[in-house]
């Protein structure tokens with residue numbers, strides 16, 4: 001069996017911006033947002049790959065492009081041996097039972113007028129899996145696995161009758177109901193209280209082992225990524241700037257942007273003091289990506305070469321880094 005479940009090659013997603021008609025009349029060039037810009041990586045079966053970065057770095061757009069919830073501009077998405085971009089709409093619909101998504105905001109992704117049992121069983125109806133009785137039994141079984149107990153009581157409730165943590169468990173149950181191989185978890189704990197986050201993360205780890213899942217875990221919370229991920233990719237302005245296993249990334253971050261993110265993680269010991277690195281300004285607009293290294297306007301260590309040449313993602317001792325400073329060392 002091929003150890004690689006998902007292979008992304010040169011994935012790009014661009015958005016054309018609409019302009020006022022008068023401006024469009026006199027200016028020929030249409031502004032383009034390069035949300036995901038030439039990204040490549042692999043995810044092995046049973047692995048959890050984390051993607052971290054600031055808001056606006058392209059994490060969510062990349063996750064949705066991989067699942068073709070939005071259509072990529074170009075690239076390849078090889079899932080379990082076949083290219084998702086080569087599938088027709090009908091074949092893509094059939095294949096969707098093998099890959100699902102856990103959305104960030106459960107209230108925005110759950111129909112408020114549908115009962116919980118109907119919401120979770122709906123994918124089974126779409127894919128014609130089982131009879132009505134079998135579908136209900138499967139939903140009740142999944143409810144128990146995600147700790148929505150007693151399951152029969154939750155079956156006829158509406159989303160508004162649940163707490164935030166319970167709603168997120170419903171979203172997880174819906175993702176699991178078709179027994180998928182791969183799940184994109186798009187900041188699944190961002191809308192939850194701190195006390196509930198650890199419960200949801202533990203649940204995701206437990207069901208990963210039980211169902212043999214593979215995760216792409218998108219988050220801005222490095223503590224959550226450290227807890228659940230085997231490898232972590234750091235994304236900045238549409239590109240992966242560093243990717244390494246979790247231990248190496250936290251003990252020895254190489255890219256300046258990764259170092260800045262790590263320095264912002266609080267340490268629970270007040271006696272430990274460390275120097276905090278601060279980036280200059282804010283993340284630039286994706287319509288006006290800086291020449292050279294796209295991080296150089298904010299980088300405290302930038303040199304002249306960083307302003308002229310864009311660094312490539314290179315293998316550095318088993319990890320991947322895109323930085324001229326690493327090339328020099």
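Numbering (full-length UniProt numbering), first residue to last: 1 to 329. Ideal Cβ positions, reconstructed from N, Cα and C, are used throughout, including at glycine.
| Asked | Found |
| --- | --- |
| Own chain residues within Cβ distance below 7 Å of residue 200, not counting five before or after | 165, 168, 188, 189, 192 |
| Any 3 or more C-beta pairs closer than 8 Å across the segment 97-106 and the segment 131-142 | no |
| Residue range of the unbroken beta strand (DSSP E) whose run includes residue 218 | 214-218 |
| Proximity of residue 260 and residue 244 at Cβ, strictly below 9 Å | no |
| First and last residue of the uninterrupted alpha helix (DSSP H) at residue 107 | 106-109 |
| First and last residue of the uninterrupted beta strand (DSSP E) at residue 58 | Looking at the DSSP string, residue 58 is not in any beta strand (DSSP E), and its letter there is neither H nor E. |
| Residue 113 burial status per 10 Å Cβ neighbour count (16 or more: buried) | exposed |
| Length at least 3, wholly inside the segment 189-256: the beta strand (DSSP E) runs in chain order | 214-218, 231-236, 239-245 |
| Contacts around residue 69, its chain only, beta-carbon distance under 8 Å, and the 5 residues preceding and following it disregarded | 101 |
| Where residue 175 falls: helix, strand or coil (DSSP) | helix |
| Neighbour-count burial assignment, residue 312, 16 or more Cβ in a 10 Å radius | exposed |
| Terminal residues of the alpha helix (DSSP H) in which residue 145 lies | 132-145 |
| Bridge partner(s) assigned by DSSP for residue 162 | Beta-bridge pairing links residue 162 to no other residue. |
| Euclidean distance between Cα positions of residue 281 and residue 9 | 32 Å |
| Residue 80 in three-state terms, based on DSSP | coil |
| Reduced DSSP secondary structure (H/G/I, E/B, other) of residue 124 | helix |
| Simplified DSSP state of residue 259, which is helix, strand or coil | helix |
| Residue 270 versus residue 179: straight-line alpha-carbon distance, rounded | 45 Å |
| N- and C-terminal bounds of the alpha helix (DSSP H) containing residue 15 | Where residue 15 is concerned, there is no enclosing alpha helix (DSSP H), although the beta strand (DSSP E) it sits in stretches over 4-16. |
| CA-to-CA distance, residue 37 to residue 237, given in whole angstroms | 8 Å |
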